[in-house]
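K.L.:
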Amino acid sequence: MVVFALTGLWLCWGTSFPAMRVMAQTLPPLSASGAAFFAAGAALVLLRPTALRGLRFRQFATAAAIGVCLLGAQGTVALAERTTFAGTAALVVAALPLWVTVLNAVLGERPTRAGLLRVLVGFSGVALLTGTQASAWTFAVAAAGFVWAIGTVAAARTTSLPGPWATTAVSWLALGYLALVDSLAGFGLYTWLLRTTSTALVSTYAYAVPVLACLISVLFMKEPLRPIMLAGAVLIVTSVATEVSARKPRTHTANTRT
Numbered sequence: 035m036v037v038f039a040l041t042g043l044w045l046c047w048g049t050s051f052p053a054m055r056v057m058a059q060t061l062p063p064l065s066a067s068g069a070a071f072f073a074a075g076a077a078l079v080l081l082r083p084t085a086l087r088g089l090r091f092r093q094f095a096t097a098a099a100i101g102v103c104l105l106g107a108q109g110t111v112a113l114a115e116r117t118t119f120a121g122t123a124a125l126v127v128a129a130l131p132l133w134v135t136v137l138n139a140v141l142g143e144r145p146t147r148a149g150l151l152r153v154l155v156g157f158s159g160v161a162l163l164t165g166t167q168a169s170a171w172t173f174a175v176a177a178a179g180f181v182w183a184i185g186t187v188a189a190a191r192t193t194s195l196p197g198p199w200a201t202t203a204v205s206w207l208a209l210g211y212l213a214l215v216d217s218l219a220g221f222g223l224y225t226w227l228l229r230t231t232s233t234a235l236v237s238t239y240a241y242a243v244p245v246l247a248c249l250i251s252v253l254f255m256k257e258p259l260r261p262i263m264l265a266g267a268v269l270i271v272t273s274v275a276t277e278v279s280a281r282k283p284r285t286h287t288a289n290t291r292t
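Note that my numbering has the sequence shown beginning at 35, numbered continuously upward.
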């Protein structure tokens, strides 16, 4: 189940960056992103209305706060993709596990020297991409990755998060794709995996997704593949992959109700 869910997550989010790029060309990015999340949440309520019964206020507040982080980050990326290539956005967001390491260090989990080196190498790749394609929106994508990391750390650390059904509360074709695949399927798989397996294993999406997104963008959307982009990609993906593989498995004790 974990293998199938993880593969599904990679495919859902690997294709979502090109889909956001398509959507952002002809639809208002924030309104469209909000509509995608709303449609996904409404579908979940209709499919599993009992999942919301008996939720404590703390569970509701926790899920809402994490949702604000994730939706805010995705909305920012959708805005940026009006002028930023989907592959570039995916690679910059791929630094999320490095942000997670920084946040965990602030919260008391002291990183090793090797961990610090991986963070420096990864962020140098991000700096390479944002520096060669410097714009306010490229930096906004980097900030969105940080906000997404806050939501990820909060979701992994909390013990009061409700089940995945309750947590995951061309133009129109792309919007529908984002609602069904990115929001409904992607975030459903994401929250289920966070509660079922180790955070390190779930975090592998961070280097699988940008590779898929770049391949799709280059092959099907004719985005340019520049040497500087490849260099930044190698730095980011290598550091993220080694950081994820170096993490110790985490035992989950959260409520497993679905």
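In this text, a Cβ means the ideal position worked out from N, Cα and C, and glycines have one as well.
1) Any idea what DSSP makes of V204, helix, strand or coil?
2) With a 10 Å radius around its C-beta and 16 neighbouring C-beta atoms as the bar for buried, classify L105 as buried or exposed.
3) From V153 to A139, what distance separates their C-alpha atoms?
4) Kindly indicate if chain B contains any beta-carbon less than 9 angstroms away from that of Q59.
5) If we require 4 or more residues per run, which alpha helix (DSSP H) segments fall completely within the stretch 213-277?
6) Would you mind sorting G88 into buried or exposed? The rule is 16 or more other CB atoms within 10 Å of its CB.
7) Measuring alpha carbon to alpha carbon, tell me which of A76, F91 and A114 ends up nearest M54.
8) Suppose the cutoff is 7 angstroms on Cβ atoms and the five residues either side in sequence are ignored; what does the same chain contact list for T135 look like?
9) Going along the chain, which unbroken runs of the beta strand (DSSP E) with 3 or more residues stay wholly within the stretch 162-189?
10) Pick helix, strand or coil for T118, following the three-state DSSP scheme.
11) Where does L45 fall in DSSP's three states?
12) What residue range is occupied by the uninterrupted alpha helix (DSSP H) comprising T135?
13) According to DSSP, simplified to helix, strand and coil, what is T146?
14) Taking buried to mean at least 16 other C-beta atoms within 10 Å of its own C-beta, is W47 buried or exposed?
15) Write down the C-beta distance between T122 and L163 rounded to the nearest angstrom, noting that I regard them as a contact closer than 8 angstroms.
16) Here's the rule: buried if 16 or more other CB atoms are within 10 angstroms of the residue's CB, otherwise exposed. What is I262?
17) Hey, could you find the ends of the alpha helix (DSSP H) A66 is sitting in?
18) Exposed or buried, what is F71 when buried is set at 16 or more other beta-carbons lying within 10 Å of its beta-carbon?
P.N.:
Checking against the coordinates, here is how it stands:
1) Working through the sequence shown from its first residue, we reach residue 204 at position 170. Annotated three-state conformation of V204 is coil, per DSSP.
2) In the sequence shown, residue 105 corresponds to position 71, counting from 1. When all chains shown are included, L105 counts as buried.
3) Residue 153 sits at position 119 when you count from the first residue of the sequence shown. Residue 139 sits at position 105 when you count from the first residue of the sequence shown. Here the alpha carbons of A139 and V153 stand approximately 12 angstroms from one another.
4) Within the model displayed, chain B is absent; a lone protein chain is all it includes.
5) Counting only runs of at least 4 residues, the stretch 213-277 fully encloses the following alpha helix (DSSP H) elements, listed from N- to C-terminal order: 221-230, 233-236 and 239-254.
6) Translated into the one-based positions of the sequence shown, residue 88 becomes position 54. Label assigned to G88: exposed.
7) One-based indexing of the sequence shown puts residue 54 at position 20. By alpha-carbon distance to M54, the top candidate from A76, F91 and A114 is A114.
8) Numbered from 1 along the sequence shown, position 101 holds the residue referred to as residue 135. Listed in chain order, the non-local C-beta contacts of T135 below 7 angstroms within the same chain comprise P145, G149, V153 and E277, local neighbours out to five positions each way being set aside.
9) You should have found no qualifying run.
10) Taking the sequence shown and counting its residues from 1, one reaches residue 118 at position 84. In the structure shown, T118 falls within a coil segment according to DSSP collapsed to helix, strand and coil.
11) Walking along the sequence shown from the start, residue 45 turns up at place 11. For L45, the three-state secondary structure derived from DSSP is helix.
12) In the sequence shown, counting from the first residue as 1, residue 135 sits at position 101. For T135, the uninterrupted alpha helix (DSSP H) segment begins and ends at L130 to V140.
13) By 1-based counting over the sequence shown, the position of residue 146 is 112. The answer is coil: DSSP assigns T146 none of H, G, I, E or B.
14) Residue numbering aside, residue 47 sits at position 13 when the sequence shown is read from its first letter. Around the beta-carbon of W47, 16 or more other beta-carbon atoms lie within 10 Å, marking it buried.
15) Numbered from 1 along the sequence shown, position 88 holds the residue referred to as residue 122. Numbered from 1 along the sequence shown, position 129 holds the residue referred to as residue 163. Contact holds; Cβ gap of about 6 angstroms.
16) In the sequence shown, the residue the question calls residue 262 occupies position 228. By the 10 Å Cβ count, I262 comes out exposed.
17) Residue 66 sits at position 32 when you count from the first residue of the sequence shown. For A66, the uninterrupted alpha helix (DSSP H) segment begins and ends at P63 to L81.
18) Within the sequence shown, numbered from 1, the residue matching residue 71 stands at position 37. By the 10 Å Cβ count, F71 comes out buried.
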